[in-house]
Structures are given as structure tokens and as C-alpha cells.
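Report on one structure; see the data block that follows.
There are 2 protein chains.
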Amino acid sequence: MPTTTTDDEADFLADFHHTTTYGATPAGGIDRQAGTPDHGDVRAWFRERATGLGMTVTIDAIGNQYATYPWLPDAPSVLAGSHLDSQPLGGRFDGTYGVVAALHAAARLDRDVRAGRLTPRHNLTVVDWFNEEGARFAPSIMGSSSMAGIKDTAELLEVTDPDGVTVREALESIGCLGSDPAPEVASYAEIHIEQGRILEREQATVGAVTQSWDTRKLVVTVHGEQSHTGATVMADRHDALVAAAKIVVMTEDVVADYTPESIVTSVGQFSVLPNSPIVVPREVNLVIDLRASDAADVTSARRTLVDAIAALAADRDLRIDVEDFDVRAVQRYPLDGVELVEKAAADVGVGARRIATLAGHASVAMDRIAPAGMMFIPSVGGVSHCEREFSTDEDMVRGTDVLTDVVARLVAGDLDDTTPGEPLAETTTDTTNHR
Amino acid sequence: MPTTTTDDEADFLADFHHTTTYGATPAGGIDRQAGTPDHGDVRAWFRERATGLGMTVTIDAIGNQYATYPWLPDAPSVLAGSHLDSQPLGGRFDGTYGVVAALHAAARLDRDVRAGRLTPRHNLTVVDWFNEEGARFAPSIMGSSSMAGIKDTAELLEVTDPDGVTVREALESIGCLGSDPAPEVASYAEIHIEQGRILEREQATVGAVTQSWDTRKLVVTVHGEQSHTGATVMADRHDALVAAAKIVVMTEDVVADYTPESIVTSVGQFSVLPNSPIVVPREVNLVIDLRASDAADVTSARRTLVDAIAALAADRDLRIDVEDFDVRAVQRYPLDGVELVEKAAADVGVGARRIATLAGHASVAMDRIAPAGMMFIPSVGGVSHCEREFSTDEDMVRGTDVLTDVVARLVAGDLDDTTPGEPLAETTTDTTNHR
Numbered sequence: 001m002p003t004t005t006t007d008d009e010a011d012f013l014a015d016f017h018h019t020t021t022y023g024a025t026p027a028g029g030i031d032r033q034a035g036t037p038d039h040g041d042v043r044a045w046f047r048e049r050a051t052g053l054g055m056t057v058t059i060d061a062i063g064n065q066y067a068t069y070p071w072l073p074d075a076p077s078v079l080a081g082s083h084l085d086s087q088p089l090g091g092r093f094d095g096t097y098g099v100v101a102a103l104h105a106a107a108r109l110d111r112d113v114r115a116g117r118l119t120p121r122h123n124l125t126v127v128d129w130f131n132e133e134g135a136r137f138a139p140s141i142m143g144s145s146s147m148a149g150i151k152d153t154a155e156l157l158e159v160t161d162p163d164g165v166t167v168r169e170a171l172e173s174i175g176c177l178g179s180d181p182a183p184e185v186a187s188y189a190e191i192h193i194e195q196g197r198i199l200e201r202e203q204a205t206v207g208a209v210t211q212s213w214d215t216r217k218l219v220v221t222v223h224g225e226q227s228h229t230g231a232t233v234m235a236d237r238h239d240a241l242v243a244a245a246k247i248v249v250m251t252e253d254v255v256a257d258y259t260p261e262s263i264v265t266s267v268g269q270f271s272v273l274p275n276s277p278i279v280v281p282r283e284v285n286l287v288i289d290l291r292a293s294d295a296a297d298v299t300s301a302r303r304t305l306v307d308a309i310a311a312l313a314a315d316r317d318l319r320i321d322v323e324d325f326d327v328r329a330v331q332r333y334p335l336d337g338v339e340l341v342e343k344a345a346a347d348v349g350v351g352a353r354r355i356a357t358l359a360g361h362a363s364v365a366m367d368r369i370a371p372a373g374m375m376f377i378p379s380v381g382g383v384s385h386c387e388r389e390f391s392t393d394e395d396m397v398r399g400t401d402v403l404t405d406v407v408a409r410l411v412a413g414d415l416d417d418t419t420p421g422e423p424l425a426e427t428t429t430d431t432t433n434h435r
Numbered sequence: 436m437p438t439t440t441t442d443d444e445a446d447f448l449a450d451f452h453h454t455t456t457y458g459a460t461p462a463g464g465i466d467r468q469a470g471t472p473d474h475g476d477v478r479a480w481f482r483e484r485a486t487g488l489g490m491t492v493t494i495d496a497i498g499n500q501y502a503t504y505p506w507l508p509d510a511p512s513v514l515a516g517s518h519l520d521s522q523p524l525g526g527r528f529d530g531t532y533g534v535v536a537a538l539h540a541a542a543r544l545d546r547d548v549r550a551g552r553l554t555p556r557h558n559l560t561v562v563d564w565f566n567e568e569g570a571r572f573a574p575s576i577m578g579s580s581s582m583a584g585i586k587d588t589a590e591l592l593e594v595t596d597p598d599g600v601t602v603r604e605a606l607e608s609i610g611c612l613g614s615d616p617a618p619e620v621a622s623y624a625e626i627h628i629e630q631g632r633i634l635e636r637e638q639a640t641v642g643a644v645t646q647s648w649d650t651r652k653l654v655v656t657v658h659g660e661q662s663h664t665g666a667t668v669m670a671d672r673h674d675a676l677v678a679a680a681k682i683v684v685m686t687e688d689v690v691a692d693y694t695p696e697s698i699v700t701s702v703g704q705f706s707v708l709p710n711s712p713i714v715v716p717r718e719v720n721l722v723i724d725l726r727a728s729d730a731a732d733v734t735s736a737r738r739t740l741v742d743a744i745a746a747l748a749a750d751r752d753l754r755i756d757v758e759d760f761d762v763r764a765v766q767r768y769p770l771d772g773v774e775l776v777e778k779a780a781a782d783v784g785v786g787a788r789r790i791a792t793l794a795g796h797a798s799v800a801m802d803r804i805a806p807a808g809m810m811f812i813p814s815v816g817g818v819s820h821c822e823r824e825f826s827t828d829e830d831m832v833r834g835t836d837v838l839t840d841v842v843a844r845l846v847a848g849d850l851d852d853t854t855p856g857e858p859l860a861e862t863t864t865d866t867t868n869h870r
């Protein structure tokens with residue numbers, strides 16, 4: 001077990017709380033969307049801090065930042081990290097906690113390596129993934145998906161935000177469009193806040209993540225006809241907003257058919273054209289988000305919605321396009337990695353519980369190319385992607401201890417014989433147009 | 436009856452169709468929102484054309500443009516006109532037809548005055564009202580409401596568009612922030628497309644407008660809580676969008692309790708925050724538009740909606756603010772003016788029908804300070820505020836003939852003893868906050 005002092009704890013907390021000043025919002029959150037000046041500033045802080053701790057910093061073609069202790073020439077790296085970008089008016093902990101915890105875990109282990117207490121079989125790299133949140137540039141989990149070869153980097157660089165700015169331009173504007181090769185990955189570790197309330201409810205300090213949920217989005221466009229709100233009698237209208245509102249209500253209602261807490265459905269993005277108080281809307285663009293622990297539930301909920309949308313289009317005599325987007329099958333983390341997290345929690349002396357992740361994480365992408373261990377700490381009240389997101393200093397400190405222990409075991413070669421995770425059967429996608 | 440030649444008809448049509456090139460859209464509409472460069476260009480054309488026809492052009496403090504034949508020193512004016520601004524992706528006819536028709540009516544009557552065929556008791560002013568549509572700057576019917584003293588001009592000049600540009604800045608940018616006094620008004624005439632399909636259905640060429648509808652808006656803000664679409668279980672959410680969607684559906688459903696075609700309800704403006712695909716929305720701002728021929732129906736529909744919104748807020752444990760906005764009582768046009776339109780239609784030899792206006796018009800504001808005559812020509816299919824809005828050349832020509840006859844009668848003093856219209860009892864407003 002790595003050695004940790006109370007000074008280490010104080011240093012970690014000082015660094016973590018310092019990061020919350022970048023893009024700080026009045027209500028106690030942060031707003032650091034990918035590629036914005038505030039995101040650039042916190043990433044510059046990361047480079048400076050890592051360099052100060054003796055690491056070598058590189059940046060790859062999609063803007064992922066890597067800070068490496070090159071203990072062994074030409075050896076692959078254990079990667080540990082998360083992301084520094086946030087949702088609009090997001091929380092201070094989501095992503096940032098995992099990056100700062102990994103920085104401190106690495107610094108402690110470097111101390112152990114230099115003191116001869118840890119014999120590395122791999123180098124160690126702390127990673128700050130670019131654009132995990134996907135609020136400004138879709139899809140989310142962009143940097144790790146590029147690095148894992150799941151998405152095409154050249155295409156991702158041309159993705160635009162709502163103002164037409166490309167990923168490439170945004171990366172250039174914050175000095176993060178790199179050309180360094182990404183490190184070869186031996187294994188991967190990530191710690192994150194749970195963003196749910198299972199750990200809090202069951203009073204466990206650490207969650208050993210076993211698998212991701214099955215997730216998919218449906219991009220829906222409702223094509224109505226623009227007309228005068230005052231002069232157009234109700235029978236003559238093809239109101240895109242009323243139809244879109246019914247889709248929002250359907251999207252919530254569909255969960256009633258399933259076990260509580262086994263499925264979540266939402267519409268987060270919803271834009272109305274022309275959006276004038278006295279014009280019946282001609283078009284609404286919306287994105288439905290479907291997630292469930294069981295892929296069959298996502299498939300059947302999707303089918304229910306697609307059929308209901310077709311009936312709605314016919315009933316209201318307007319066209320509705322539905323397109324599958326960002327489809328992600330359930331992915332299991334290797335059992336060896338889950339057990340490794342449990343061993344580390346036992347070493348630190350905190351309670352662990354196996355848990356699935358409803359949210360996507362970089363570890364899901366990394367787990368395709370290298371064995372990954374993913375762990376959670378509790379989120380107070382389970383709230384996330386909002387300014388009142390909160391985790392305690394005590395849980396953050398214990399989580400960092402567990403991460404340090406996990407990474408020590410990875411550096412020593414504990415998962416060297418483990419095969420990476422595999423997605424369960426890929427689900428099909430199609431595009432439907434209803435008139 | 437004024438004299439009209441086929442050359443007059445051709446001149447009118449040439450001018451009207453020329454205006455459709457300003458802000459023309461690929462699908463055959465126009466996009467000339469108030470204070471935009473395209474709106475500035477068509478207003479410059481108006482000044483140039485009116486000057487070429489021998490009129491004197493002035494601009495008042497809210498940007499209304501007046502083109503006057505000053506036949507009599509210090510006499511008040513008969514005003515005739517409409518507006519040149521449009522909705523986003525709006526139609527070519529709404530407003531613009533009335534301005535071009537008034538320009539040509541005035542030119543014909545000036546010819547008659549100079550030939551001694553018409554003895555004026557008033558001067559004649561063609562008016563191009565600023566910001567009738569209210570899409571970029573709320574409220575609508577801005578220029579005429581300022582001129583009639585119904586709204587405070589200083590406050591209107593500080594109204595901002597969604598980008599924070601003020602009315603004052605927009606007027607300056609198109610060279611239309613004037614300081615000339617508005618003319619003294621003897622009486623007012625306006626011709627407009629119906630924007631409904633009653634005239635088409637009943638095969639009447641002209642509608643003699645008897646009264647406006649009772650209208651009001653409700654500005655609604657739904658305050659939910661931002662959270663993660665993936666990680667937040669359904670029971671923990673306070674989704675502002677689902678609640679707002681239910682309000683949209685309620686707003687349509689409320690008309691089921693009333694006589695068809697006697698009431699219209701809509702939501703045209705609807706904005707979601709933060710509008711990210713993986714964030715449960717924290718806030719929705721929307722505007723409900725309620726209009727009915729009978730004020731009691733607007734009052735009762737409003738009460739039904741306000742009560743249902745209160746119940747929704749309680750049911751979903753979130754706060755919903757509702758505020759009355761832009762409340763306009765039914766206003767009757769003077770019967771003398773209605774009969775004058777009917778006489779003019781008879782002179783021209785076209786069929787007329789009495790009709791109410793569902794849409795607001797500058798004539799409703801002018802009718803508070805001077806007797807007003809309002810007339811409609813048919814809209815094909817009743818569609819308006821959209822690119823496929825259409826009226827035939829034949830109907831536009833006949834309508835211009837009727838307008839010319841009406842204005843000739845007004846110039847001769849026909850409504851000099853008529854009192855202006857009065858709004859029926861003002862309805863009450865209040866603000867409600869539901870938790």
C-alpha cells in the first residue's frame with residue numbers, strides 16, 4: 001500500500017479547491033465548456049502543476065493532455081485521469097476531481113518509485129481528456145473516443161458549436177491543438193463522483209464500477225408550418241411546438257412500463273423556430289436521451305417512442321424525422337479490475353460496493369483498448385450537472401487514497417494478463433421519416 | 436369616385452412587387468425584421484418613392500415615417516398606411532401591401548386635387564409604422580402605440596432584442612431615429628390582407644372590419660433544477676421542460692371548451708436552459724397567446740390555464756411564474772367607418788362583408804385618437820406569417836381602388852363628426868407565482 005501523509009491530503013485538497021476558481025459561477029458551480037477561455041486557463045494550470053511535479057507534458061491531435069513520469073524508456077503507460085471541462089452552469093467535482101486525484105496519486109507513487117518502495121513495470125501518465133461533456137461540441141466523450149480509435153479524429157476536429165466554431169478552432173484558441181503521439185496504454189484507472197445516490201444511501205465510500213448502461217439518443221425534427229398565432233384558426237394549423245411538446249411528455253411517460261431506477265429518459269436539447277411570440281412554430285429540433293441497465297429496455301422504449309411519434313405525425317398531419325445518434329452498448333469492465341478496486345478499498349479501510357454507471361465516462365472508451373478500473377465516490381443527494389453538485393473533502397481524500405493504491409497495483413503489473421472489456425452486442429440504428 | 440386607369444394599376448403592381456426584393460427569402464417570402472438592414476433598405480425606398488411622387492417625408496421619435504401632401508397649411512391629416520417590417524421568414528403581403536396601396540391612393544388623389552376634382556378639407560399623409568410585428572422587439576404595434584400615446588416612447592426606445600440591441604440603436608443603424616413631430620390626425624384608413632380565410636370562403640373581395648379581438652399574453656417561467664440526464668433517476672428530477680411541455684399541450688386543449696373559430700391559443704416563443712443534450716433543463720421561458728372574439732372567453736380560458744399551471748407546479752414540486760403581458764381589450768371601429776368602407780366597395784363594384792380582426796393592427800391604436808376605417812382583402816388559404824402567404828394581383832388592385840375611394844371620402848371630411856372607437860372594458864391583469 002502506498003504511503004500517504006496528512007500533508008499529502010492537505011496538498012490534494014488545496015489543489016482541488018484551487019481548480020474551482022476557473023470559470024467559477026456565483027452559485028458555487030463552474031462553467032468551463034470545452035475550448036472556452038476558462039477551460040484553457042484550468043488546462044494551463046494542469047500543465048504547470050504537472051511540470052512542477054516532475055512530469056513531462058504532451059498534447060495529442062484532439063487536445064488530450066498527458067503528463068508522464070517516464071520511469072522506463074519505451075515502456076507503455078498506466079493512464080489515470082478524467083476531464084476538466086464542465087456542463088454550462090455545471091458542478092465543481094464532475095471530472096475535475098478525477099484529474100486532480102490522479103495528479104496526486106502519480107506524485108505519491110513517483111516518490112515511492114524513487115525511494116525504491118515501488119518497482120514499476122510501466123510508466124505512469126495522468127490524462128486530462130478533451131471534451132468529455134459534449135455540451136458545446138457533440139458527441140460527448142470526444143477525446144478518449146478519438147484516442148481509442150472509436151471515432152475519427154479528422155471528423156471530430158470539424159465538429160462545430162452552435163456559433164459555427166470548429167473543435168479545431170476552439171483547440172487552437174486555447175493553445176491545445178497538439179501533434180504529440182498518444183502514449184501506448186498498458187491499463188487505465190479513473191475515479192469520478194457517482195452522480196447518483198446509491199453509495200450515499202448504502203453508506204459506501206467507494207463504488208467499484210462493473211459496467212456501463214446501454215444508451216442512445218434520438219435526434220428528432222418536427223416539421224410544421226409557420227403561421228400567425230392570432231389570425232390562424234386552430235383547424236388550419238400545423239404547430240410544430242405542440243407536437244414536439246407531446247413527444248417530450250411521451251418521453252417521460254415511457255418509463256412507467258419499466259422497473260423504477262432501471263431506466264432514465266429525457267429531452268435536454270429543444271429549440272423552436274422561429275421563436276416569435278406571435279408566430280405558430282414551423283420547426284422544433286430536440287434530442288431524446290434513453291439509458292437503461294438492460295439493453296432490451298432501451299430497445300423496447302425506443303420502439304414505443306418511434307411508433308408513438310409515427311402515430312403523432314399522422315394524427316397531426318406534419319412530418320417528423322427521427323434519427324439514432326450516439327448509440328452506446330452496455331460495456332462490462334473486466335472482473336479483475338473490479339476486484340482490484342475492492343482490494344484497494346480494503347487496503348485503505350473503506351467500504352466498497354459494486355455499481356453500474358448510468359453516465360458515460362472516458363473509461364468506457366479506454367476499456368476497449370486496455371483493461372480499465374473505474375471507481376466512484378459518493379455524491380451528496382445524487383445531484384450532478386448543476387451548481388449544487390457536492391462531495392465531501394473526506395470522501396475525496398479517501399477516494400484519492402484508493403485511486404493511489406489501484407494505480408500502484410497497475411504500475412506493478414497487476415492487470416497485465418487481463419483482456420480489455422468488450423461491448424455487449426451492438427444495437428442497430430436506423431433513420432425514420434414520418435409524414 | 437376617384438379616377439383610376441389601367442396604367443395606375445400597372446404602376447401599383449410594379450411598386451408592390453419591387454418591395455418583395457428587399458429581404459427576399461429563397462422560398463418566396465421576406466425576412467425584414469424591424470431595424471435590420473433589409474428593413475432599412477425598403478424604408479429608404481419608401482422615402483425616395485414618396486418624394487418622387489411629390490410628398491414631404493418626416494420621421495418621428497419612434498421611427499414612424501410620414502409622407503405628406505401638404506395641400507392646406509396647418510390642417511390636420513388623414514393618415515393611411517401600414518408597415519414594412521415582417522416576421523422572420525414572413526410573407527410579402529402582410530403590412531407592405533397596405534403601405535404601397537396607400538402610396539398609390541395618395542398619388543391618385545393628389546392628381547384629383549390638383550385637377551380640381553376633389554376639394555380637400557384635410558391634408559393626406561401616408562404612414563409607414565415602425566415595428567408592427569414585434570418579433571425582434573416586443574411588444575408589437577410599437578410605432579402606432581407610441582404615436583397614439585398608449586405606450587411611453589422613452590421606454591420603447593430602450594426595449595432590447597435578444598442580442599441586447601436597443602430600439603434606439605436599431606433605429607440609428609438604419610437612419611430612422613427621427614425628431615419630427617407626428618402629424619395631427621383627422622382620421623385613419625388602413626388596408627391589409629385578412630390572414631384568415633373568411634373572405635375567401637365567402638367570396639367577398641373586401642372585409643369591412645368592425646372590431647378587434649380581445650387578446651392577451653401570459654409570460655410563463657418554469658423554474659426546475661438542472662441535473663444529469665444519464666445519472667439522475669426519474670424520481671429525483673425537477674425537469675422544467677416536461678412541465679413546460681405540459682403547459683403547451685394544455686394551451687391547445689383549452690380551446691376544446693369553446694365554439695370553433697371563436698378563440699385561438701398558442702405558444703410561439705419557448706426557450707430552454709441550458710439546452711444541452713445531456714442536461715435535464717433547469718428553466719423554460721414561454722409566452723402564451725390567447726385571443727377570442729368575446730372578452731369573457733379570454734378571461735375564462737386564462738383562468739383555466741392559470742389554475743392548471745398552479746396545479747402542475749404543486750404536482751411536480753417546482754416553481755412556475757405567470758405574468759400578464761400585452762393585454763388588449765376588444766375595440767370597436769366606428770360604425771360610420773364601417774359603412775364608409777361598404778359604400779366605397781359599392782362604388783368600386785366589389786362585394787364587401789363585415790368581419791372582425793383576430794390579428795392586431797396599427798388601426799386599433801389609431802382608432803383611440805381618431806375615427807378609423809379598416810379593410811381587408813382575401814388571403815389565399817388564410818395562411819400568414821409564413822413564406823407561402825399569398826393574395827392575388829386582382830384582389831390587391833381592387834383593394835387599392837376601395838382604399839382610394841375611402842381616403843377620398845375621408846379627405847372630403849366624411850368622418851369629421853365621428854368620435855373615435857373605444858376599447859370595451861379593460862380586463863384586469865395580475866402576476867402569480869406558484870410553488
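So the sequences go chain by chain: A and B.
When we follow my numbering, the leftmost residue of the first sequence carries the number 1, and every step to the right adds one.
When we follow my numbering, the leftmost residue of the second sequence carries the number 436, and every step to the right adds one.
Ideal Cβ positions, reconstructed from N, Cα and C, are used throughout, including at glycine.
A quick note: this is a predicted structure, and the numbers were derived from the prediction, not measured.
Could you check whether the Cβ of Thr428(A) sits closer than 7 Å to any Cβ belonging to chain B?
For the purposes of this step, residue 428(A) is taken as residue 428 along the first sequence, with counting starting at 1. Low confidence applies here, because Thr428(A) scores a pLDDT of 45, under 50, leaving its location unreliable; read the following figure in that light. Not closer than 7 Å to any Cβ of chain B, the Cβ of Thr428(A) fails to qualify, so no.
If you drop the 5 nearest sequence neighbours on each side, which residues of the same chain put their C-beta closer than 6 Å to that of Thr404(A)?
Residue numbering aside, residue 404(A) sits at position 404 when the first sequence is read from its first letter. So the qualifying residues of the chain are Pro2, Ala105 and Arg108.
Can you tell me the Cα-Cα spacing of Pro120(A) and Ala186(A), whole angstroms?
Within the first sequence, residue 120(A) is the residue found at index 120, counting from 1. Within the first sequence, residue 186(A) is the residue found at index 186, counting from 1. Near 12 Å, if we compare the C-alpha coordinates of Ala186(A) and Pro120(A).
Along the chain, where does the beta strand (DSSP E) that runs through Phe811(B) open and close?
Locating residue 811(B) in the second sequence gives position 376, counting from the first residue. From DSSP, the beta strand (DSSP E) with Phe811(B) extends over Ala807 to Ile812.
Would Leu290(A) and Val267(A) qualify as a contact pair, given that the criterion is a beta-carbon distance under 7 Å?
Stepping through the first sequence from its first residue, residue 290(A) is reached at position 290. Stepping through the first sequence from its first residue, residue 267(A) is reached at position 267. Cβ atoms of Leu290(A) and Val267(A): not closer than 7 Å.
Using only the alpha-carbon positions, how far apart do Val397(A) and Leu13(A) sit?
As a working mapping, residue 397(A) is identified with position 397 in the first sequence. As a working mapping, residue 13(A) is identified with position 13 in the first sequence. Using only the alpha carbons, I get a separation of about 8 Å.
What residue range does the beta strand (DSSP E) around Lys586(B) cover?
For the purposes of this step, residue 586(B) is taken as residue 151 along the second sequence, with counting starting at 1. Per DSSP, Lys586(B) belongs to no beta strand (DSSP E) and is neither H nor E.
In terms of alpha-carbon separation, which member of Lys681(B), Ala666(B), Val492(B) and Leu634(B) lies closest to Ala745(B)?
In the second sequence, the residue the question calls residue 745(B) occupies position 310. It is Lys681(B).
Cutoff 6 Å; reference Pro712(B); Cβ partners in own chain excluding five residues on either side
Residue numbering aside, residue 712(B) sits at position 277 when the second sequence is read from its first letter. Result list for Pro712(B): empty, nothing under 6 Å.
Ser581(B) in three-state terms, based on DSSP
Against the second sequence, residue 581(B) aligns to sequence position 146. In this structure, Ser581(B) counts as helix in the three-state DSSP scheme.
Roughly how many whole angstroms lie between the Cα atoms of Asp417(A) and Ala370(A)?
Stepping through the first sequence from its first residue, residue 417(A) is reached at position 417. Stepping through the first sequence from its first residue, residue 370(A) is reached at position 370. Cα to Cα, the separation comes out at about 11 Å.
Using only the alpha-carbon positions, how far apart do Leu103(A) and Val126(A) sit?
Mapped onto the first sequence, residue 103(A) falls at position 103. Mapped onto the first sequence, residue 126(A) falls at position 126. Rounded to the nearest angstrom, the two C-alpha atoms are 6 Å apart.
Below 8 Å on the Cβ atoms is my contact criterion, and I expect Ala352(A) with Ala115(A) to pass it. Report the Cβ-Cβ distance as a whole number of Å.
If you number the first sequence from 1, residue 352(A) lands on position 352. If you number the first sequence from 1, residue 115(A) lands on position 115. About 28 Å separates the two Cβ atoms, so there is no contact after all.
Would you kindly check if the distance between the Cβ of Gly526(B) and the Cβ of His518(B) is under 7 Å?
By one-based count along the second sequence, residue 518(B) stands at place 83. By one-based count along the second sequence, residue 526(B) stands at place 91. The answer is no: Cβ separation not under 7 Å.
Nearest-angstrom Cα separation, counted from Ile755(B) out to Phe46(A):
If you number the first sequence from 1, residue 46(A) lands on position 46. If you number the second sequence from 1, residue 755(B) lands on position 320. Going from the Cα of Phe46(A) to the Cα of Ile755(B) covers about 42 Å.
Pick out whichever of Asp761(B), Val719(B), Asp849(B) and Asp836(B) has its Cα sitting closest to the Cα of Val773(B).
The residue given as residue 773(B) occupies position 338 in the second sequence. Of the candidates Asp761(B), Val719(B), Asp849(B) and Asp836(B), the one whose C-alpha sits nearest the C-alpha of Val773(B) is Asp849(B).
For Ala27(A), which residues in the same chain have their Cβ closer than 7 Å to its Cβ, ignoring the five residues on either side in sequence?
Residue numbering aside, residue 27(A) sits at position 27 when the first sequence is read from its first letter. Excluding positions up to five away in sequence, the list reads Glu387.
Identify the contact partners of Ala245(A) in chain B, using a Cβ-Cβ distance below 7 Å as the criterion.
As a working mapping, residue 245(A) is identified with position 245 in the first sequence. Those are Ala680, Val683 and Val684, listed as they occur along chain B.
Between which two residues does the alpha helix (DSSP H) holding Thr299(A) run?
Counted from its first residue, the first sequence places residue 299(A) at position 299. Note, Thr299(A): alpha helix (DSSP H), Ala295 to Arg316.
Start and end of the alpha helix (DSSP H) containing Ala102(A)?
Numbered from 1 along the first sequence, position 102 holds the residue referred to as residue 102(A). Element bounds for Ala102(A): Thr96 to Arg114.
Span of the beta strand (DSSP E) holding Trp506(B)?
Mapped onto the second sequence, residue 506(B) falls at position 71. From DSSP, Trp506(B) is part of no beta strand (DSSP E); its letter is neither H nor E.
What residues from chain B crowd round Asn131(A), counting only those whose CB sits closer than 9 Å?
Position 131 of the first sequence, counting from 1, holds the residue named residue 131(A). The contacting residues do not exist; Asn131(A) stays about 12 Å from chain B at best.
For the beta strand (DSSP E) that contains Ser86(A), what are its first and last residues?
What you label residue 86(A) is simply residue 86 of the first sequence in a count that begins at 1. Run containing Ser86(A): none; DSSP gives neither H nor E here.
If contact means a Cβ-Cβ distance below 8 Å, which residues of the stretch 642 to 654 of chain B contact chain A?
Trp648, Thr650 and Lys652
Output the distance between the C-alpha atoms of Ala445(B) and Gly834(B), rounded to the nearest integer angstrom.
As a first step, residue 445(B) is located in the second sequence; it is residue number 10 there, counting from the start. As a first step, residue 834(B) is located in the second sequence; it is residue number 399 there, counting from the start. Going by the C-alpha atoms only, they are around 14 Å apart.
Determine the DSSP secondary structure at His474(B), reduced to helix, strand or coil.
Here residue 474(B) refers to the residue found at position 39 when the second sequence is read from its first residue. Here His474(B) sits in helix by DSSP.
If contact is defined by three or more beta carbon pairs under 8 Å, each pair taking one atom from either stretch, is the stretch 323 to 339 of chain A in contact with the stretch 205 to 215 of chain A?
yes
Among residues of its own chain, excluding the 5 on either side of Ala359(A), which ones have a beta-carbon nearer than 6 Å to its beta-carbon?
The sequence position of residue 359(A) within the first sequence is 359, counting from 1. Gln195.
Determine whether the Cβ of Arg870(B) lies closer than 7 Å to any Cβ atom of chain A.
As a working mapping, residue 870(B) is identified with position 435 in the second sequence. Note that Arg870(B) scores 44 on pLDDT, short of 50, meaning its location in the model is unreliable; the coordinates nonetheless yield the value given after this. Closer than 7 Å: no.
Using the rule of at least 16 other Cβ atoms within 10 Å of the residue's Cβ for burial, across every protein chain shown, is Glu590(B) buried or exposed?
Within the second sequence, residue 590(B) is the residue found at index 155, counting from 1. When all chains shown are included, Glu590(B) counts as exposed.
Under 7 Å between C-beta atoms, does Ser711(B) make it to chain A?
Working through the second sequence from its first residue, we reach residue 711(B) at position 276. Output row for Ser711(B): interface = yes.
Compute the Euclidean distance between the alpha carbons of Thr432(A) and Thr56(A), then round it to the nearest angstrom.
Position 432 of the first sequence holds residue 432(A). Position 56 of the first sequence holds residue 56(A). Legend: pLDDT at Thr432(A) = 49, less than 50; position of this residue unreliable, no value from coordinates given.
What first and last residue would you give for the beta strand (DSSP E) that runs through His192(A)?
In the first sequence, counting from the first residue as 1, residue 192(A) sits at position 192. His192(A) -> beta strand (DSSP E) spans Val185 to Ile193.
According to DSSP, is Ala24(A) helix, strand or coil?
Within the first sequence, residue 24(A) is the residue found at index 24, counting from 1. Three-state result, Ala24(A): strand.
If you follow the beta strand (DSSP E) that His223(A) is part of, which residue opens it and which one closes it?
Along the first sequence, one-based indexing puts residue 223(A) at 223. His223(A) -> beta strand (DSSP E) spans Asp214 to His223.
Could you tell me how far apart the beta carbons of Met801(B) and Ala502(B) are, in whole angstroms, since I believe they sit closer than 8 Å?
Residue numbering aside, residue 801(B) sits at position 366 when the second sequence is read from its first letter. Residue numbering aside, residue 502(B) sits at position 67 when the second sequence is read from its first letter. Not a contact, Cβ separation roughly 16 Å.
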